[in-house]
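Below you'll find the structure, written out as structure tokens, and then a few comments.
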Amino acid sequence: MSEVSTESAGQPVAEGRLAGRVAIVTGGARGIGKAIVERLVADGARVAFTCNSSPEAAEVLAGELGADRAMAVQCNVTSAEQINSLVEKVLTAWGKIHILVNNAGITKDTLVMRMSQQDFEDVLSTNLTGAFLMTKAVLRPMMSERWGRIINISSVVGLVGNPGQANYVASKAGLIGMTKSIALEVASRNILVNCIAPGFIQSDMTSKLNEQQQSQLTSLIPLKRIGQGADVAAMVSFLGSGDAAYITGQTFAVDGGMTML
Ligand code: NDP
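In the working numbering, the protein residues as written are 430 to 690.
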């Protein structure tokens, strides 16, 4: 018999579409990651989420969601050692890992003429190598379950480019390519790997833009509003659910129509 599950879209779910699932979300204490954690918990999953420099915010969120549903773990995604210890913690507590959301990301924007090699490598290291290390660490537990969902948070700029963000765009385009390769490697194990490319979403990352830049950007969005973390979280919830059982290796823009390729 084939190892591939016969799960298909439209199956009825009890207690939320993600009931019984265990998820890890990187960078879950604030911004888009926080909205993803809240949505997955609301959908019935147990969620371990990482923080790096925001342990206080992470503890507050974990406290609000309850210890039976959420766990905050300090983990820098550039460290394989810290990632392995995170995965061990989750397996010890909950025994399984079904869903990984690679959300942690940073920017260090400037024109290439002025960009230091360090700033280039720092962004690649967090945004791309971090997702690689996390993925590598969860594949074995997902294979044991014969069920897995890996959801990488890329960006629309990874599709279309952006001046002043060569490092960030390289990391986000890299995520899209890596998603396809890993999707091909693990499809036979019923592990589905997809990417979400958010557009302009309200968070600490985008609050660095001044009011004029924000309104200029908003005018370019057909839906005429800045996106919310919840808009991205809704797509994560779908891709993590049984309804997405026949989708892998894809990239979905959640951008109010800003990019139409
Ligand atoms: P924020 O700057 O608000 O949050 C970034 C998150 O990444 C924080 O939770 C932070 O954790 C975590 N993080 C950063 N570095 C590390 C690290 N080395 N190890 C572990 N965690 C780390 O960003 P957003 O919420 O806006 O962005 C979330 C994701 O969405 C990113 O990948 C970003 O590139 C992507 N995105 C965002 C868009 C937007 O418009 N906002 C558009 C397109 C994509 P901590 O605070 O604990 O350090």
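Note that CB positions come from ideal geometry on N, CA and C, so glycine has one too. Keep in mind the model is a prediction, meaning the values are calculated, not measured.
Report task. Given a cut-off of 9 Å, decide if R468 and A659 are closer than it, judged by their beta-carbon atoms. Result -> It is a contact, given that the beta carbons lie within the stated cut-off.
Query raised in the report: Per DSSP, which one or two residues make a beta bridge with V454?
Result: When DSSP reads this structure, V454 sits in a beta bridge with F478 and V530.
Query - Cα-Cα separation, E517 to V665 - result: 24 Å
Query raised in the report: Which residues does DSSP pair with A626 in a beta bridge?
Result: A682
Requested in this report: Entirely within the segment 646-690 and at least 3 residues each: give me those beta strand (DSSP E) ranges in chain order.
Outcome: 680-683
Query raised in the report: ligand 1 heavy atoms versus the CB of C504: any closer than 8 Å?
Result: At a threshold of 8 Å, C504 counts as near ligand 1, since its beta carbon sits closer than that to one of the ligand's heavy atoms.
Report task. Would you give the residue range spanned by the alpha helix (DSSP H) that I580 belongs to? Result -> That residue, I580, is in no alpha helix (DSSP H); its beta strand (DSSP E) goes G577 to I582.
Query - Whole-Å CB distance - V598 paired with G590, under 8 Å assumed - result: 6 Å
Query raised in the report: Considering only the beta carbon of each residue, do L568 and G577 sit closer than 9 Å?
Result: yes
Query raised in the report: Thinking just about the alpha-carbon of each residue, which of N513, T521, L649 and T635 is nearest to the one in F561?
Result: For the residues N513, T521, L649 and T635, the minimum Cα distance to F561 belongs to N513.
Query - CA-to-CA distance, N581 to T608, given in whole angstroms - result: Looking at the backbone, the Cα of T608 and that of N581 are separated by about 7 Å.
Requested in this report: Pick out whichever of V615, I579, G628 and T555 has its Cα sitting closest to the Cα of P651.
Outcome: Of the candidates V615, I579, G628 and T555, the residue whose Cα lies closest to the Cα of P651 is G628.
Query raised in the report: With respect to 8 Å, is the separation between the Cβ of Y675 and the closest non-hydrogen atom of ligand 1 below this value?
Result: no
Query raised in the report: For ligand 1, any of its heavy atoms closer than 8 Å to the Cβ of P592?
Result: no
Requested in this report: Within its chain, find whatever has a CB closer than 7 Å to the CB of T677; leave out the 5 residues flanking it on each side and keep chain order.
Outcome: A612, A616, L621, V622 and N623
Requested in this report: Quick one: using the 10 Å Cβ neighbour count with 16 as the cut-off for buried, is G669 buried or exposed?
Outcome: buried
Query raised in the report: Near S584, what residues of its chain come up, given a Cβ to Cβ distance below 7 Å and the 5 sequence neighbours on each side ignored?
Result: The residues are K601, A626 and P627.
Report task. Label S632 either buried or exposed according to how many other C-beta atoms from any shown protein chain fall within 10 Å of its C-beta, with 16 as the threshold for buried. Result -> buried
**Report entry** One or two residues paired with M500 in a DSSP bridge
**Finding:** Answer by DSSP bridge pairing, in chain order: A477.
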